[in-house]
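Undergrad: For the record, in the sequence shown the residue sitting at position 109 is 180 according to the working numbering, with numbers rising by one throughout.
Just passing along the structure, written as structure tokens.
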Amino acid sequence: MPTLVRNGKITEDAWTYDVANASSPEAGSILNMEDFTKQHAGELHGVRLDGSVEIEDVIDQVKRAALIAISFAGFADGRGLSLAVLLRSRYDYRGELRAVGDVLPDWTPYMLRSGFDTFELPDSRAAETAIACMQRMTDHYQGSVIQPSPRFRRSSD
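Spelled out as structure tokens, the structure:
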């Protein structure tokens, strides 16, 4: 069973993947893109996107979702990072962005900087490793989605 990390802590998941009842999904259900669009789901539902999706083609549908889960197909597939950056910066998405699929603990600091705020990891050991990785990498020279100013433009502290 996957373990969820939010705000640097292991937490319970209030969301469910509702594939059995896609015709009338309950609030708090994460749907695939097809079911999300068919049901005209919105702020009470989440949507799961594949990392290969062209966000420009689906942004009008997904921007109303309370949660967008971006699936990583493999450890070398960084397209989900680009999707997260686009959703946060270009489309001003403010809901929960969740990394799912092949999420590696040592990638989570970069995912965090790209705009993800929740990570679904395979087990509690991987989740604890991810938390440790995020705690170690806290100050960066380059700007990002969560800290747009590069280090040289920030006041010294």
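All C-beta atoms, glycine included, are put in the ideal place defined by N, C-alpha and C.
Computed from a prediction, not measured in an experiment: that's the story for all the values here.
#1: Sorted by chain position, which residues of the same chain lie with C-beta nearer than 7 Å to Gly122's C-beta, five sequence neighbours on each side aside?
#2: Is the beta carbon of Leu192 less than 8 Å from the beta carbon of Ala203?
#3: For the beta strand (DSSP E) that Leu168 lies in, which residues bound it at each end?
#4: Straight-line CA distance for Leu168 to His116?
#5: Under the three-state reduction of DSSP, which class applies to Glu105: helix, strand or coil?
#6: Rounded to whole angstroms, what's the CA-CA distance from Trp53 to Ser160? Just pull it up for me.
#7: With 16 as the cutoff for other CB atoms within 10 Å, does Thr189 come out buried or exposed?
#8: Quickly, what does DSSP pair Thr82 with across the bridge? List them, please.
#9: Tell me whether Gly113 sits in a helix, a strand or coil according to DSSP, three-state version.
#10: What beta strand (DSSP E) runs, 3 residues minimum, are completely inside the region 124-175?
#11: Taking Glu191 as part of the beta strand (DSSP E), name the residues at either end of that continuous run.
#12: Have a look at Leu49 and Asp173 and give me their C-alpha separation to the nearest angstrom.
TA: Let me spell this out:
#1: Ile141, Ser142, Phe143, Ala144, Asp148, Arg150, Gly151, Leu154
#2: no
#3: 167-172
#4: 13 Å
#5: helix
#6: Nothing can be reported for residue 53, as the shown portion of the chain is limited to 72 through 228.
#7: buried
#8: Note: Thr82 sits in a beta bridge opposite Leu75.
#9: coil
#10: 138-143, 167-172
#11: 189-192
#12: No statement about residue 49 is possible, as the shown extent of the chain runs from 72 to 228 and does not include it.
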